[in-house]
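*Asks:* Supplied in structure tokens, the structure appears directly below.
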Ligand code: GDP
Ligand code: MG
């Protein structure tokens with residue numbers, strides 16, 4: 004016995020302790036830990052088995068008694084140590100003084116989680132029991148599979164329960180204990196069907212037959228065959244147990260007494276005695292098997308667990324990086340932090356408006372959008388040029404009637420020439436101002452986007468930046484507008500450097516000379532005028548194509564970004580405002596804290612796992628363990 008105990012202390016205990024430590028770190032919030040879930044049809048004896056294993060009375064009776072998943076964490080204490088119990092759910096925690104209170108407290112917890120009545124809930128109730136009389140095991144009791152809803156239950160209660168059970172047993176980390184009464188045809192039970200759905204090869208399913216005392220006479224042989232794994236094969240096999248029946252409960256037969264009766268029942272049974280001899284019967288043997296299964300299961304899960312922790316750690320770190328570091332606590336450092344954030348943002352704003360790559364990680368590129376706008380402006384000018392050319396062709400043919408005054412044919416009225424040019428150029432003022440507004444809209448939108456991603460987590464800072472962006476936009480747009488208007492006013496002075504004009508004119512003349520022969524009548528003079536008009540308009544158009552965009556780029560992009568920087572940095576003169584600006588978005592803050600905690604948990608978990616594998620790699624193979632837990636209940 005001593006060597007067995009030694010083995011237990013060396014192999015079983017550390018394994019269970021490891022998972023327990025991971026659990027108490029809260030790692031279960033991040034990933035699934037090896038566990039055993041108990042499933043079964045209604046009144047198949049689940050609670051009775053758990054009761055026998057844990058040594059405490061659990062809620063039971065007819066109808067749906069288990070209404071929330073109940074995690075039963077059992078920890079074996081050294082002989083002579085005290086009983087300890089604790090119930091916890093949804094952040095609530097309470098120690099239990101008296102084992103007799105457990106049932107009442109679970110009922111209360113269920114009412115709080117699933118409401119009064121008969122509904123169910125996914126919220127987990129955790130019951131921790133430490134005592135010399137319990138095995139090292141964690142089991143999860145789930146609501147019974149029901150087919151028909153009873154009075155007051157939602158009609159889909161059956162589906163709700165199935166979904167809940169499915170959620171647990173579908174995890175590869177869970178061993179399913181399928182509880183089936185011995186007097187029921189196991190093949191027809193819903194519980195086994197569900198287990199087989201998620202574990203078709205029966206790798207992580209263990210069958211438990213209950214109520215062997217209620218077996219119909221003559222069917223004992225078939226029960227024996229099932230337990231011997233000869234009917235529906237499960238890799239983990241079957242166990243058979245006898246718990247307290249209703250009569251024994253009414254008669255207040257103690258759990259200890261029940262264990263003795265169970266032993267007597269099996270060891271003396273005509274058919275089941277062999278099962279007892281083979282170690283397939285009784286609750287203590289079941290406890291032993293489960294502990295062993297759990298330990299082996301843990302052993303096998305460890306590599307994946309390590310892998311998962313590593314993966315989760317990377318993910319968590321990435322999320323944390325996205326959340327950004329919060330402001331430091333130290334007052335002096337806080338101002339520095341704020342200045343850094345704001346400076347990074349305004350520098351990015353300048354980069355954005357000059358078409359350089361921004362640093363804050365976002366993928367903003369104003370110029371890709373603006374290029375279209377700029378091309379569109381150039382197009383406007385070109386179209387206007389074409390229209391102008393068409394117009395003058397038409398106008399000039401009507402010149403004689405419309406414009407010719409007292410001058411003799413052949414004299415061109417310069418004023419007429421000027422008026423036509425002015426009129427056409429004036430047509431461009433509206434579109435130019437519209438373009439200014441469009442570009443300003445785009446720039447404002449992109450700058451706001453930049454503020455949102457660059458200053459993420461600081462809503463006051465973002466809204467302040469947004470206000471400043473809007474204000475600067477107004478200011479610079481007004482400035483640009485007045486520059487544009489001036490430009491158009493200047494265009495009224497029909498002017499160009501003579502040399503440029505002459506060159507254009509010369510080119511046009513040469514072209515014309517090739518195609519038409521000049522005559523000296525008034526038609527020729529008019530042709531001459533057309534040439535002048537077209538040449539001048541072309542030059543003016545080119546000038547406007549560049550000039551308008553230059554003004555817009557200067558004011559709406561370059562100057563706006565510089566002004567924004569100036570204004571943002573000026574805020575720091577006001578000490579009172581800096582604290583307000585540093586107020587963090589509560590969502591991001593919560594998210595960061597959540598992920599920081601996760602990071603801590605997972606890092607500790609990783610250390611635990613590494614330590615564990617370093618100590619135990621040599622002894623991980625083969626658990627030649629036998630009796631480790633003697634049912635003394
Ligand atoms: P659950 O609905 O699956 O949790 O089933 P319970 O554990 O509440 O058991 C249903 C009924 O069967 C209860 O009245 C138990 O006392 C009774 N019961 C459980 N196990 C045995 C057993 O081995 N023999 C007998 N005779 N009755 C049992
Ligand atoms: Mg039950």
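Residue numbers (this note's numbering): 4 to 636. Ideal Cβ positions, reconstructed from N, Cα and C, are used throughout, including at glycine.
Which residues count as close to the ligand MG when the rule is a CB under 6 Å from any of its heavy atoms, in chain order?
*Replies:* Listed by chain position, these are 49, 50, 63, 68, 69 and 147.
*Asks:* For the stretch 164-215, list the alpha helix (DSSP H) runs that are entirely contained and at least 4 residues long, ordered along the chain.
*Replies:* Whole alpha helix (DSSP H) segments, 4+ residues: 193-201.
*Asks:* Within 8 Å (strictly less), CB to CB, does residue 595 reach chain D?
*Replies:* Although the question refers to chain D, the structure presented lacks it and comprises just one protein chain.
*Asks:* Opposite residue 76 in the DSSP bridges: which residues?
*Replies:* Looking at the DSSP assignment, residue 76 forms a beta bridge with 131 and 141.
*Asks:* Inspect the beta-carbon positions of residue 44 and residue 192 and report whether they are closer than 8 Å.
*Replies:* Cβ atoms of residue 44 and residue 192: closer than 8 Å.
*Asks:* What would DSSP say about residue 360, mapped onto helix, strand or coil?
*Replies:* DSSP places residue 360 in coil when its eight states are reduced to three.
*Asks:* Do you know how far the Cα of residue 351 is from the Cα of residue 453?
*Replies:* Going by the C-alpha atoms only, they are around 8 Å apart.
*Asks:* Classify residue 332 as helix, strand or coil using the three-state DSSP reduction.
*Replies:* Coil, per DSSP.
*Asks:* DSSP on residue 43, reduced to helix/strand/coil?
*Replies:* DSSP places residue 43 in strand when its eight states are reduced to three.
*Asks:* Pick out whichever of 68, 474 and 278 has its Cα sitting closest to the Cα of residue 123.
*Replies:* If we check each option's Cα against that of residue 123, 68 comes out closest.
*Asks:* I'd like to confirm something about residue 182: is its beta-carbon nearer than 7 Å to some heavy atom of the ligand GDP, or not?
*Replies:* Correct: residue 182 has its Cβ closer than 7 Å to the ligand GDP.
*Asks:* Does DSSP put residue 19 in a helix, a strand or coil?
*Replies:* If DSSP states are grouped into helix, strand and coil, residue 19 belongs with the helices.
*Asks:* As a quick exercise: from 545, 551, 459 and 431, pick the residue whose alpha carbon is nearest that of residue 482.
*Replies:* Of the candidates 545, 551, 459 and 431, the one whose C-alpha sits nearest the C-alpha of residue 482 is 551.
*Asks:* Kindly indicate which residue of 246, 248 and 187 has the alpha-carbon position closest to the one of residue 219.
*Replies:* Minimum Cα distance to residue 219 is reached at 187.
*Asks:* Using the three-state DSSP reduction, which class does residue 309 fall into: helix, strand or coil?
*Replies:* Three-state result, residue 309: helix.
*Asks:* Do residue 363 and the ligand GDP come close, with the Cβ less than 7 Å from some heavy atom?
*Replies:* It does not: the Cβ of residue 363 is nowhere closer than 7 Å to a heavy atom of the ligand GDP.
*Asks:* For residue 429 and residue 491, which I take to be in contact (beta-carbon distance under 8 Å), what is that distance rounded to the nearest angstrom?
*Replies:* 7 Å between Cβ atoms; contact.
*Asks:* Nearest-angstrom Cα distance between residue 592 and residue 467?
*Replies:* Rounded to whole angstroms, residue 592 to residue 467 spans 19 Å at the Cα level.
*Asks:* Assuming contact is defined by CB atoms lying nearer than 8 Å, are residue 40 and residue 179 in contact in what I supplied?
*Replies:* Yes.
*Asks:* Once DSSP output is grouped into helix, strand and coil, what is the label at residue 456?
*Replies:* Helix.
*Asks:* Between which two residues does the beta strand (DSSP E) holding residue 471 run?
*Replies:* Run containing residue 471: none in the beta strand (DSSP E); it sits in the alpha helix (DSSP H), 462-494.
*Asks:* When you measure from the CB of residue 43 to every non-hydrogen atom of the ligand GDP, does any distance come out below 7 Å?
*Replies:* The answer is yes for residue 43.
*Asks:* Starting from residue 571 and walking both ways along the beta strand (DSSP E), at which residues does that stretch end?
*Replies:* That residue, residue 571, is in no beta strand (DSSP E); its alpha helix (DSSP H) goes 563-573.
*Asks:* To the nearest whole angstrom, what separates the beta carbons of residue 558 and residue 493, a pair I think is in contact under 8 Å?
*Replies:* At roughly 17 Å, the Cβ-Cβ gap does not stay under 8 Å, so residue 558 and residue 493 are not in contact.
*Asks:* On the DSSP bridge list, what partners appear for residue 243?
*Replies:* Looking at the DSSP assignment, residue 243 forms a beta bridge with 212 and 284.
*Asks:* Which residues in the same chain as residue 274 place their Cβ atom closer than 7 Å to its Cβ, once the five residues preceding and following it in sequence are excluded?
*Replies:* Only 223, 224 and 227 meet the Cβ criterion.
*Asks:* So, residue 190 versus residue 235, is the Cβ gap smaller than 8 Å?
*Replies:* Taking 8 Å as the Cβ cut-off, residue 190 and residue 235 qualify as a contacting pair.
*Asks:* Can you find the residues in the same chain that come closer than 7 Å, C-beta to C-beta, to residue 311, ignoring five residues on each side of it along the sequence?
*Replies:* The answer, listed in chain order, is 34.
*Asks:* What is the C-beta distance between residue 563 and residue 356, in whole angstroms, given that I count them as a contact (C-beta under 8 Å)?
*Replies:* Indeed, because the Cβ distance is near 7 Å, the residues count as touching under 8 Å.
*Asks:* Applying the criterion that 16 or more other CB atoms from any shown protein chain within 10 Å of the CB defines a buried residue, is residue 247 buried or exposed?
*Replies:* Buried, by the Cβ-count rule.
*Asks:* Quick one: residues in its chain with C-beta nearer than 8 Å to the C-beta of residue 447, no 5 flanking neighbours on either side, listed in chain order?
*Replies:* Answer for residue 447: 472, 473 and 476, listed in chain order.
*Asks:* Exposed or buried, which one is residue 113 when buried takes at least 16 other CB atoms within 10 Å?
*Replies:* Residue 113 should be labelled buried.
*Asks:* Any heavy atom of the ligand GDP closer than 7 Å to the CB of residue 249?
*Replies:* Result yes, Cβ under 7 Å from the ligand GDP.
*Asks:* Just to confirm the assignment, what range does the beta strand (DSSP E) spanning residue 89 have?
*Replies:* Start and end: 87-92.
*Asks:* Under the criterion of a Cβ to heavy atom distance below 7 Å, does residue 217 qualify as lining the ligand GDP?
*Replies:* Yes, the Cβ of residue 217 comes within 7 Å of a heavy atom of the ligand GDP.
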